[in-house]
Amino acid sequence: MASVKLTTSDDKEYTLDRELIFQSNLIKNMVTDLDVFDAPIPLPNVTSSTLDIVIKYLKIHKDDPPPPDKPIEKAVDDMIDEDKELMKLEFNIMADVILAANYLDIPGLLDIGCRTVAWHIKQCKDYHEIREKFNIPKELWRSEEEIAEMKKELNGILG
Amino acid sequence: MLVWALLSIIKGSFSEPSNKKIKSKKVSFERRSVRALSTISSTTTLRKRKQDWIVPPYALDAEIFENIMKWCSPGDAAKLLQVCQVWSGPAAEALYQSPPILYADSFSKLAATLLRKDVMHPYPLLIREFIFTGLAADELYMGDLKECLRLCSNLVSFRIEGCSHLSNLLAQFLTEHAPFLSRIELPGCTISDAFLVQLIRGVTTLRHIDVSFSNVTLSALPVLVRECRYLETLIMTGCRPSPPEMVIDYEASEYYLVGDTLKQYKNTTLKQVSLSYTELTDAMVGYLCRHCDALQYLILEGCNLLTDTAINSIAMHCPTIIELDISLCTQVTDIGLQALAVHLSVQGEKTQRRRPTSFGYTSFQEYTPPQKRYHTIPLSKINLTGCYYITPPAIVLLASKCPNLNTIIIDGCDRLIDWYNHQDSPASPVPTTAREVFSQDSDSDEESFVSAKSRHSFAMENLQSERRLQLSRDQIMRRKREH
Numbered sequence: 001m002a003s004v005k006l007t008t009s010d011d012k013e014y015t016l017d018r019e020l021i022f023q024s025n026l027i028k029n030m031v032t033d034l035d036v037f038d039a040p041i042p043l044p045n046v047t048s049s050t051l052d053i054v055i056k057y058l059k060i061h062k063d064d065p066p067p068p069d070k071p072i073e074k075a076v077d078d079m080i081d082e083d084k085e086l087m088k089l090e091f092n093i094m095a096d097v098i099l100a101a102n103y104l105d106i107p108g109l110l111d112i113g114c115r116t117v118a119w120h121i122k123q124c125k126d127y128h129e130i131r132e133k134f135n136i137p138k139e140l141w142r143s144e145e146e147i148a149e150m151k152k153e154l155n156g157i158l159g
Numbered sequence: 001m002l003v004w005a006l007l008s009i010i011k012g013s014f015s016e017p018s019n020k021k022i023k024s025k026k027v028s029f030e031r032r033s034v035r036a037l038s039t040i041s042s043t044t045t046l047r048k049r050k051q052d053w054i055v056p057p058y059a060l061d062a063e064i065f066e067n068i069m070k071w072c073s074p075g076d077a078a079k080l081l082q083v084c085q086v087w088s089g090p091a092a093e094a095l096y097q098s099p100p101i102l103y104a105d106s107f108s109k110l111a112a113t114l115l116r117k118d119v120m121h122p123y124p125l126l127i128r129e130f131i132f133t134g135l136a137a138d139e140l141y142m143g144d145l146k147e148c149l150r151l152c153s154n155l156v157s158f159r160i161e162g163c164s165h166l167s168n169l170l171a172q173f174l175t176e177h178a179p180f181l182s183r184i185e186l187p188g189c190t191i192s193d194a195f196l197v198q199l200i201r202g203v204t205t206l207r208h209i210d211v212s213f214s215n216v217t218l219s220a221l222p223v224l225v226r227e228c229r230y231l232e233t234l235i236m237t238g239c240r241p242s243p244p245e246m247v248i249d250y251e252a253s254e255y256y257l258v259g260d261t262l263k264q265y266k267n268t269t270l271k272q273v274s275l276s277y278t279e280l281t282d283a284m285v286g287y288l289c290r291h292c293d294a295l296q297y298l299i300l301e302g303c304n305l306l307t308d309t310a311i312n313s314i315a316m317h318c319p320t321i322i323e324l325d326i327s328l329c330t331q332v333t334d335i336g337l338q339a340l341a342v343h344l345s346v347q348g349e350k351t352q353r354r355r356p357t358s359f360g361y362t363s364f365q366e367y368t369p370p371q372k373r374y375h376t377i378p379l380s381k382i383n384l385t386g387c388y389y390i391t392p393p394a395i396v397l398l399a400s401k402c403p404n405l406n407t408i409i410i411d412g413c414d415r416l417i418d419w420y421n422h423q424d425s426p427a428s429p430v431p432t433t434a435r436e437v438f439s440q441d442s443d444s445d446e447e448s449f450v451s452a453k454s455r456h457s458f459a460m461e462n463l464q465s466e467r468r469l470q471l472s473r474d475q476i477m478r479r480k481r482e483h
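Line order of the protein sequences matches chains A and B.
Using UniProt numbering, the final residue of the first sequence is 159, and nothing's skipped along the way.
Using UniProt numbering, the final residue of the second sequence is 483, and nothing's skipped along the way.
So, in structure tokens, the structure goes:
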């Protein structure tokens, strides 16, 4: 059996090559440990659009060598160009992709997703911009008094 | 029909990822699925509440947030603290994990924040690491430090560089208030042996100790080796010699204990030891090696009182050694390296051969093919800078016995320079298949690397001449047993 079947939350079935999907440690462990026959693996919190993006990433990185034991220090936006193109998404979709990468345990995708988010955070000058960029609703905003209080506390560490 | 039913049962079992029927050895898989379930519940409830909210990025769980935070600077973390309630918790954690204490007044400001009562986040409990360098270390007040340590009970790592007024009370503070402390670094501080002994007796969870260039003397070494149960790394670079009034007999009666009694004294956790630039003697090295048989990285740079006896003890008692640095130990000669090569390979054979049969005797099938024997020697790097008595045959022997050896540093070894120059000439005894680069410039400080491939061809050439010796020795052994 050279292929693995996956079902997303909106009941769409995908059939993928084992080599491709084995970049996901979760699927790899499931299939090798449990040794089940052809039943499709359900992914209840991954939608089909998210899975499309994940599959694009897997195809780009199909032939990558396994990562070295000691992680190399990289800059925030030190990614290959195709990954940068892939990550030019709206924030809600990107967050879905990151959650899917976390669930499926694909360390490379998780890494570039987090780095992209960190890069966007760096681009924003202060918290107003972050709120706008990430579309955080007003109910969760901190009040002005709390922010003033926190600024005083931050003085201890950044002052 | 049956097959379809079976398939649907399996499908049913799969739809609950945290089902106990799945006996997966990988715990991480179960934990992840449980976490994924919690993420699902949070996203679904948020979605139900308001349809027009954009649910992620709040549904990002703590681990992902930590991953993002490690790419952000403290300034970014400060911005994130102010954004929203959900993000400020993880942002505070990332910011306070190792608070930057750079200037003379940084610590007093930090202490003021930590000691405040009603703050937004539990800052002291978030602190995992304290690092005091430069001016901050000079201006450190013990009283402030004590107050902060009392509150920061999750402290894991502690470092002060070059503080000239550390008192022994610090050991007591750490014992009382830091139950998880595993790493302590006090280079250049004025601490004494008494401080160190009190510290290791009080804080029993220490794994990494660095007391370089302090007033600690070498007489603290036996105490450290004997009493620290979890210690993995010990750095005592530049420590002072034992005071003349303390006479420790390193060859004492414990050396003659056998079997189980000696095992009680053996330290099996110490893996990395650095005793560079100390007045270490052969007896001390012997003591260290006899008592620590799991040593992997041994750095003895500049210990110029060491002779071949020390190398012999290392070779005899530490079969797991991976990296050995004996640069500037000028009294080391070929004999030391030969001892290293021979003893390590013998140790390797011993571990291969111990296969008892039902009668308790080792089995007769003791002949293991030569390739198998060599795999157990893990030595991969040796630094012989400045050991000018070393000659080529010793290096050749060492290389042939240790297949994992891929780095030999020989800066300043004068007798090896000429050998390199004549390497390509037809009259040289060195096999010309080896294409190796040795550093011949005694002034250079760069490392020289020997490729692993040429190492193996080197070893194999020598092996062929040795194999004849091996076979005849085994034939002799067999004949002896038969009689």
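The beta-carbon is built from N, C-alpha and C at its ideal position, and this holds for glycine as well.
By the C-beta criterion, the stretch 101-108 of chain B is judged not to be in contact with the stretch 143-155 of chain A, since fewer than 3 inter-stretch pairs fall below 8 angstroms. Closest by C-alpha distance to B:S153, out of B:C84, B:F130, B:N168 and B:A136, is B:F130. For B:H317, the enclosing alpha helix (DSSP H) stretches over residues D308 to H317. According to DSSP, residue pairing for B:F132 in a beta bridge involves B:I160. DSSP lists no beta-bridge partner residue for B:Y287. Residue environment for A:V117: buried (at least 16 other C-beta atoms within 10 angstroms of its C-beta). Annotation: the stretch 39-105 of chain A contains the following complete segments of the alpha helix (DSSP H) (minimum length 4 residues), in chain order: 48-60, 81-86 and 91-104.
Against B:V86, the close residues of chain A are L140, in the order they occur along the chain (beta-carbon pairs closer than 8 angstroms). Put simply, the CB of A:K122 is near chain B, with a gap under 8 angstroms to one of its CB atoms. Here the alpha carbon of B:Y388 sits roughly 7 angstroms from the alpha carbon of B:R415.
Residue range S3 to T7 is occupied by the beta strand (DSSP E) that includes A:L6. Counting C-beta atoms within 10 angstroms of its own C-beta, A:T7 has 16 or more neighbours from the protein chains shown and is therefore classed as buried. Runs of the beta strand (DSSP E) spanning 3 or more residues and lying entirely within the stretch 139-221 of chain B occur at 157-160, 183-185 and 208-210, in chain order.
When only Cα atoms are considered, B:E245 and B:L221 end up about 16 angstroms apart. In the structure shown, the three-state DSSP call for B:I377 is coil.
In the DSSP assignment, no residue is bridged to A:I121. Counted as a single uninterrupted DSSP element, the stretch harbouring A:I27 is not any beta strand (DSSP E) but the alpha helix (DSSP H) occupying residues N25 to L34. By the 16-neighbour rule on beta-carbons within 10 angstroms, B:K401 is buried. DSSP, reduced to helix, strand and coil, places A:C114 within a helical segment of the structure shown. Bridge pairing for A:D17: A:S3 [DSSP]. A residue is called buried once 16 or more other Cβ atoms fall within 10 Å of its Cβ, and B:P99 is buried on that count. Around the Cβ of B:P241, a 10 Å sphere holds fewer than 16 other Cβ atoms; the residue is exposed.
B:D325 is bridged by DSSP to B:I299 and B:N383. In the three-state DSSP reduction, B:L416 falls in the helix class (H, G or I). One Cα belongs to B:E279, the other to B:V216, and the distance between them is close to 13 angstroms. Near chain A, meaning a CB-to-CB distance below 9 angstroms, no residue of the stretch 142-159 of chain B qualifies. Residue B:Y287 holds the alpha-carbon nearest to the alpha-carbon of B:K266 among B:Y287, B:Q272, B:V273 and B:G302. Classified as buried, A:Y57 has 16 or more neighbouring CB atoms from the shown chains inside 10 Å of its CB.
When the five nearest sequence neighbours on each side are left out, the beta carbons in the same chain lying within less than 6 angstroms of the beta carbon of B:E185 are those of R159 and D210, in order along the chain. For the stretch 78-109 of chain A, the set of residues with a beta-carbon nearer than 7 angstroms to any beta-carbon of chain B comprises F91, N92, A95, D96, I98, L99, N102, Y103 and D105, in chain order. When C-alpha distances from B:H291 are compared across B:V247, B:E227, B:V346 and B:C239, the shortest belongs to B:E227. Judged by beta-carbon spacing, B:L379 lies beyond the 8 angstroms limit of B:L337, meaning their Cβ atoms are not closer than that value.
Among the residues of chain B, those whose CB is under 7 angstroms from the CB of A:R115 are W71, following chain order. For the pair A:I41 and A:V97, the CB atoms are not nearer than the 8 angstroms cut-off. Within a 10 Å sphere around the beta-carbon of B:V396 sit 16 or more other beta-carbons, which makes this residue buried. CA-to-CA, the gap between B:L398 and B:N404 works out to about 11 angstroms.
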